[in-house]
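Per UniProt numbering, residue 1 is the first one in the sequence shown, and the count goes up by one each step. We put the CB at the ideal spot given by N, CA and C, even for glycine. In what follows, a single structure is set out as structure tokens and then discussed.
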Amino acid sequence: MDQPVSTRADYTMTARTWSLLILLGAIWGGSFFFARVAVQHLPPITLVLLRLGLAAIALHVYIAGRFGLYATLRQRWREFLAMGLINNVVPHILIFTGQTEIGAGLAAVLNATTPIFTVLIANQLTADEKMTPAKVAGCLVGLAGTAVLVGPRALAPFAGDSGGPPLWALLLPLAAAASYGFAGTYGKRFRNVAPPVTAAGQITAAAIVLLPLACIVDQPWTVPVPSLGVVLAVLALALVSTAYAYILFFRIMAEAGATNTSLVTLLVPPSAIVAGMLFLGEQLSVAASVGIALVLAGLVILDGRLLRRMASPLQPKGVSAESRETAQKR
1 MDQPVSTRAD YTMTARTWSL LILLGAIWGG SFFFARVAVQ HLPPITLVLL RLGLAAIALH
61 VYIAGRFGLY ATLRQRWREF LAMGLINNVV PHILIFTGQT EIGAGLAAVL NATTPIFTVL
121 IANQLTADEK MTPAKVAGCL VGLAGTAVLV GPRALAPFAG DSGGPPLWAL LLPLAAAASY
181 GFAGTYGKRF RNVAPPVTAA GQITAAAIVL LPLACIVDQP WTVPVPSLGV VLAVLALALV
241 STAYAYILFF RIMAEAGATN TSLVTLLVPP SAIVAGMLFL GEQLSVAASV GIALVLAGLV
301 ILDGRLLRRM ASPLQPKGVS AESRETAQKR
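Next up, the structure:
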């Protein structure tokens, strides 16, 4: 069972935590391919319902009564319902609605503002994740890298292009990013709950909310039976990009805090480009290289350890601060 996590004020990104964060970014980056296949044949709300519903079933089977799942669900169902709404139902609907007018590239740029919202929200609502100049600078540099990855065409609406999408289509994904920011901060209350339980609780609550909504809006019983490729895409979204991914998400949040966990939104576009190179034979452009470099620079700034070492190359005699912190964790 997962051990309770320290409530120290300064969350540290260890090598293990970085590895989990990169893995999560790769998984969510790859999910765009599966979503592209599935959304061409399934209505958006129905697709989200299938994704979350199947993921919830998989998590319940995986947990199989361990970790005190059902007792925790009974005790904290209101919190899981709130988490499911702000981390799944609301942002998914906002993003899908916005994407009726804007492309996936611009939506990715807007979604990459999540760390900025998380920094602002966590600064106001928590005592242990206050805003620092490094956090702000890291978020802005990472966002700039994401914008470079997507390219200037996706940013044309911000330049006053009269032929661009309506303002509301730009604001909805931003509102979704803010919702994710609230979810990241709200999710801190689950830090002492086993990550599979937290994932199962919020995904189950979201699926329950979406069921009547999908029936009213999409009437999924009228949708033609999907092909095998669509079925496999939905299963990949549910089992890998949702069930397994959210276990990673809440594990990282318990270890590294809301602000650090939100950095995954900056890793999604680079991982999507790498996946395209590996599986689709796409070439890495100069702009993409610059964008990836900026994203990595933003992560380095937010992590802070390299900058601290550069600022104080000469440590006093004895054990370094980083070594002392490592020793305290043992």
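Check, Outcome
"How many Å lie between Ala-205 and Ile-45 at the Cα?", "15 angstroms"
"Helix, strand or coil, according to DSSP, for Ile-93 in the structure here?", "helix"
"Determine the closest residue to Leu-172 out of Gly-142, Thr-100, Lys-130, with distance taken between C-alpha atoms.", "Thr-100"
"Considering only residues of the same chain and omitting the five flanking positions on each side of Ala-297, which have a CB-CB separation below 6 angstroms?", "Val-141"
"If distances are taken between C-alpha atoms only, which option among Val-230, Met-253, Val-148, Ile-203 comes closest to Tyr-186?", "Met-253"
"To the nearest angstrom, report how far apart Tyr-62 and Val-286 are at their CA atoms.", "44 angstroms"
"Of the residues Ala-147, Tyr-180, Gly-25, Ala-127, which one's Cα is nearest the Cα of Pro-91?", "Tyr-180"
"Report the residue ranges of all alpha helix (DSSP H) runs contained in full by the stretch 67 to 149; include only those spanning at least 4 residues, in chain order.", "69 to 75, 77 to 84, 90 to 98, 104 to 111, 114 to 125"
"Leu-24: which of Phe-250, Ser-289, Leu-294 sits nearest, CA to CA?", "Phe-250"
"With a threshold of 7 angstroms on Cβ separation, who are the neighbours of Ala-214 within its own chain once the five nearest residues in sequence on each side are excluded?", "Ile-45, Thr-46, Leu-49, Pro-220"
"For the alpha helix (DSSP H) that Leu-172 lies in, which residues bound it at each end?", "167 to 186"
"Hey, is the stretch 66 to 84 in contact with the stretch 190 to 200, meaning 3+ C-beta pairs nearer than 8 angstroms?", "yes"
"Does Gln-202 come out as helix, strand or coil in the three-state DSSP assignment?", "helix"
"Locate the alpha helix (DSSP H) running through Met-253, then write down its first and last residues.", "245 to 261"
"Just tell me which of Glu-129, Cys-139, Leu-143, Gln-40 has its CA closest to the CA of Leu-302.", "Cys-139"
"Would you kindly report the start and end of the unbroken alpha helix (DSSP H) that includes Gly-65?", "Premise fails: Gly-65 is in no alpha helix (DSSP H) and is neither H nor E."
"Could you check the C-alpha separation between Gly-201 and Thr-118 for me, to the nearest Å?", "22 angstroms"
"Report yes or no: is there a C-beta of chain B within less than 8 angstroms of the C-beta of Thr-114?", "Going by chain labels, chain B is absent from the structure shown, which holds only one protein chain."
"Within 10 Å of its beta-carbon, does Met-277 have 16 or more other beta-carbons around it, so buried, or fewer, so exposed?", "exposed"
"Could you tell me the alpha carbon to alpha carbon distance between Ser-6 and Ile-57, rounded to whole angstroms?", "Because the pLDDT of Ser-6 is 42, which lies under 50, any placement of that residue in the model is unreliable, and the number read from its coordinates should be weighed accordingly. Distance between the alpha carbons of Ser-6 and Ile-57 is about 31 angstroms."
"Ends of the alpha helix (DSSP H) at Ala-194?", "Element bounds for Ala-194: n/a, residue is neither H nor E."
"What number of angstroms, rounded off, separates the C-alpha of Leu-294 from the C-alpha of Ser-227?", "40 angstroms"
"So the candidates are Asn-260, Ala-207, Val-300; which of them puts its Cα closest to the Cα of Ala-82?", "Ala-207"
"Tell me whether the beta-carbon of Ile-121 lies closer than 8 angstroms to the beta-carbon of Phe-182.", "yes"
"Measure the CB-CB distance between Gly-184 and Ala-258 and report whether it falls below 8 angstroms.", "yes"
"Tell me whether Thr-12 sits in a helix, a strand or coil according to DSSP, three-state version.", "coil"
"Let me know if Trp-168 comes out buried or exposed under the rule of 16 or more other beta-carbons within 10 Å of its beta-carbon.", "exposed"
"Buried or exposed for Pro-269, going by 16 or more other Cβ atoms inside 10 Å?", "buried"
"So what does DSSP say about Ser-227, is it helix, strand or coil?", "coil"
"Could you give the distance in angstroms between the alpha-carbon of Ala-178 and the alpha-carbon of Thr-72?", "27 angstroms"
"What do you get for Gly-229, buried or exposed, if any count of 16 or more other CB atoms within 10 angstroms of its CB means buried?", "exposed"
"Which term fits Arg-16, buried or exposed, when burial requires 16 or more other beta carbons within 10 angstroms of its beta carbon?", "exposed"
"Quick check on Lys-130: buried or exposed, where buried means 16 or more other Cβ atoms within 10 Å of its Cβ?", "exposed"
"So, is Leu-125 buried or exposed, given that buried needs 16 or more other C-beta atoms within 10 angstroms?", "exposed"
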